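There are 2 protein chains.
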Amino acid sequence: MTSLAHGAGPLIRKLERLIRLNDDERQALDQLPLRIATFEPGHEITRQGDRPQHCVAVLEGFCSVSKIVGEGGRSIVSFHIPGDIPDLQSLHVAEMDVSLTALTKTRVLLIQHEDARRLCAQSAAITHAFWRETLIAGAIAKEWVVNLGQRDALARVAHLFCETIARLEVVGLADDRRCHFPVTQEQLGEAMGLSTIHINRTLQELRSRGLISWERGDLEALRWEDLKAVGDFDPGYLSLAPDWVVLR
Amino acid sequence: MTSLAHGAGPLIRKLERLIRLNDDERQALDQLPLRIATFEPGHEITRQGDRPQHCVAVLEGFCSVSKIVGEGGRSIVSFHIPGDIPDLQSLHVAEMDVSLTALTKTRVLLIQHEDARRLCAQSAAITHAFWRETLIAGAIAKEWVVNLGQRDALARVAHLFCETIARLEVVGLADDRRCHFPVTQEQLGEAMGLSTIHINRTLQELRSRGLISWERGDLEALRWEDLKAVGDFDPGYLSLAPDWVVLR
DNA sequence: AAGGGTTTTTAACAAATGATAAGTTTGACC
DNA sequence: GGTCAAACTTATCATTTGTTAAAAACCCTT
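Note that the protein sequences, when read in sequence, are chains A and B. Just so you know, the first sequence maps onto residues 62 to 309 in this note's numbering. Just so you know, the second sequence maps onto residues 62 to 309 in this note's numbering.
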């Protein structure tokens with residue numbers, strides 16, 4: 062079925078990483094109506110205050126979740142990669158408390174709320190997989206609280222790079238501690254609570270210590286263990302994935 | 062039934078705020094084996110790295126959730142109040158990624174995982190209520206990311222006070238923008254990513270502006286609207302509670 | 001009521017980060 | 001290949017916050 066390869070396939074693979082599915086569940090997922098949408102860089106997929114009738118599963122591209130702050134500012138609260146369902150909470154919360162924005166050209170699978178609810182009603186495993194997906198987001202958010210609250214700029218950025226590489230490795234989008242991570246320094250600043258200028262200083266420092274290379278959105282950890290040490294990175298909090306997924 | 066008033070009662074009231082329960086569900090909750098535990102201030106209820114077989118519903122007292130950081134430091138990631146189930150994620154994630162600590166003398170209801178799982182299997186509504194509870198924690202964490210990343214010390218502390226009062230009002234533990242909030246300035250610092258000294262400076266400033274009074278753990282917002290403005294506080298993110306709960 | 005530990009307060013100085021401004025590179029488009 | 005806007009870099013100075021040290025207030029126990 063091409064719909065499996067090109068449609069719900071990534072979603073099924075994602076859920077398989079969260080929980081074991083049986084054939085019925087796989088089939089129910091495969092029979093989801095396929096609505097696929099494409100967004101250009103910078104476009105808002107869902108806006109803070111919206112009351113969407115669907116969730117979004119990222120198939121290709123990178124997104125950010127952000128909140129509006131004070132007068133005209135915005136704060137990036139998380140980055141999302143293929144396989145993520147960044148707005149799953151909208152199943153339970155009518156009004157979006159965040160915006161979802163495409164950072165690159167992004168293909169997403171739209172899952173109507175009613176379809177998702179039917180899936181949950183049919184299968185406790187799928188319910189738990191979805192729940193787990195929201196718990197992963199929560200665990201990452203808690204780690205961001207630590208990162209922003211306790212670590213200086215150098216450690217903070219190092220930690221983000223470690224987290225990003227670790228997450229991308231799980232979905233096969235990073236090899237050898239190398240990945241595409243197409244965010245601008247300004248966006249990095251909005252995410253890390255640092256000015257663009259200070260992000261730049263920090264990147265130079267990471268580069269001059271030989272820890273990373275970072276050009277045109279291509280990120281490489283040159284000395285992984287040292288980068289982890291600088292960023293005080295322990296991937297445990299990402300292990301919300303079940304035991305058979307190994308994180309390093 | 063005294064067990065309702067003194068045992069699962071607060072839990073039932075909590076879940077009623079998340080979702081509508083029918084009689085069967087109320088009864089199933091009321092028949093939960095009641096294991097109640099008491100913890101003294103400073104004691105760890107659950108430790109990072111534990112693999113608990115139960116969840117904890119706070120009945121009385123205040124707790125913090127914290128993560129160990131770098132060498133010997135710790136970061137408070139959230140505060141919890143009566144009605145909260147701070148470690149519900151342990152249902153899905155074997156190993157605790159955080160510690161749960163009593164800030165005051167605390168009474169908690171222990172819910173065995175097997176009982177919680179049975180409840181979820183029996184009732185989709187209870188599953189959704191639990192899921193929702195974890196989503197609330199996630200929404201608060203995202204707002205903390207914003208708070209730590211984007212706001213200066215004064216706004217940050219003002220925001221925390223607003224959030225705390227708003228949450229305590231929902232469970233009837235704050236009237237008139239006044240509540241008990243028994244944390245030390247050191248703990249406030251661990252939560253807000255600020256040194257104790259700077260917390261102190263910030264509190265003085267909030268006091269001298271006539272925005273709050275704060276003595277011996279008794280907090281009062283003297284000018285609520287102004288405090289909200291200083292803290293850039295918009296309670297929307299707490300509205301994960303259903304529509305019939307009104308937040309101001 | 002006295003003592004001792006914890007918590008809060010004050011002060012002076014140091015370090016990290018932000019703001020402003022201006023120059024440089026890059027990449028998309030014509 | 002030239003032009004323009006966005007992104008990145010560099011420099012300087014201002015501000016916020018951290019650090020250290022010590023004193024004062026508070027609270028619990030005796």
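Glycine included, C-beta positions come from ideal geometry on N, C-alpha and C. Source: prediction; values computed, not measured.
Within chain B, no C-beta atom comes less than 9 angstroms from the C-beta of A:Asp148; the nearest is roughly 11 angstroms away.
Here A:Glu105 has Ser160, Thr162 as same chain residues with Cβ atoms under 6 angstroms from its own Cβ, once five neighbours each way along the sequence are excluded.
Counting only runs of 3+ residues, the beta strand (DSSP E) found wholly inside the segment 127 to 213 of chain A occupies 134 to 141, 160 to 163, 167 to 173, in chain order. Burial state of A:Pro94 is exposed, judged by a 10 Å Cβ sphere holding fewer than 16 other Cβ atoms.
At least 9 angstroms separates the beta-carbon of A:His115 from that of A:Ser125. The C-alpha of A:Pro143 lies about 26 angstroms from the C-alpha of B:His189. If you draw a 10 Å sphere on the C-beta of B:Glu247, you find fewer than 16 other C-beta atoms in it, and that means exposed.
For a Cβ distance threshold of 8 angstroms, residue set Gln211 of chain A lies close to B:Gly134, ordered along the chain. A Cβ-Cβ separation of about 6 angstroms places B:Thr195 in contact with A:Gly199 under the 8 angstroms criterion. Per the coordinates, the alpha-carbon of B:Pro71 lies some 24 angstroms from the alpha-carbon of B:Leu280. In the structure shown, A:Asp293 adopts coil according to DSSP, grouped into three states. Within the segment 201 to 234 of chain A, the residues whose Cβ lies closer than 7 angstroms to any Cβ of chain B are, in chain order, Ala202, Lys203, Trp205, Val206, Val207, Leu209, Gly210, Gln211.
Between B:Leu288 and B:Leu299, the CB-CB gap reaches or exceeds 9 angstroms. Within chain B, the residues placing a beta-carbon under 7 angstroms from that of A:Gly254 are Leu209, Gly210, Gln211, ordered along the chain. Scanning chain B for C-beta atoms nearer than 7 angstroms to the C-beta of A:Val159 yields Lys203, reported in chain order. Residue pairing by DSSP places A:Glu105 opposite A:Thr162 in a beta bridge. Residue pairing by DSSP leaves B:Cys223 without any beta bridge partner.
The three-state reading of DSSP puts A:Arg262 in helix, counting H, G and I together.
Only those residues of the segment 110 to 135 of chain B whose C-beta falls short of 7 angstroms from the nearest C-beta of chain A are listed: Lys128, Val130, Gly131, Gly134. Per DSSP, A:Leu299 lies in no beta strand (DSSP E) segment and is marked neither H nor E.
Residue pairing by DSSP puts A:Ser274 in a beta bridge opposite A:Glu281.
B:Ala290 is positioned such that its CB atom lies no closer than 9 angstroms to that of B:Val138. In the structure shown, B:Asp237 adopts coil according to DSSP, grouped into three states. Membership of A:Leu79 in the alpha helix (DSSP H) is indicated by the continuous run 70 to 79. Of the candidates A:Gly278, A:Thr257, A:Ala282, A:Gly250, A:Ala282 places its Cα closest to the Cα of A:Ser269. Residue pairing by DSSP places B:Phe100 opposite B:Thr167 in a beta bridge.
Per DSSP, B:Leu120 is one residue of the beta strand (DSSP E) stretching across 115 to 121.
Short of 7 angstroms from the beta carbon of B:Ala98, and not among the five residues preceding or following it, lie these beta carbons of its own chain, in chain order: Val169, Leu171. For B:Arg238, the closest C-alpha among the options B:Ala202, B:Glu266, B:Glu286, B:Val244 is that of B:Glu286. The bridge partners DSSP lists for B:Ser256 come to none.
Residues of chain B with a Cβ closer than 8 angstroms to the Cβ of A:His189 are, in chain order, His153. Of the residues A:Gly103, A:Glu86, A:Lys75, A:Leu264, the one whose Cα lies closest to the Cα of A:Lys166 is A:Gly103.
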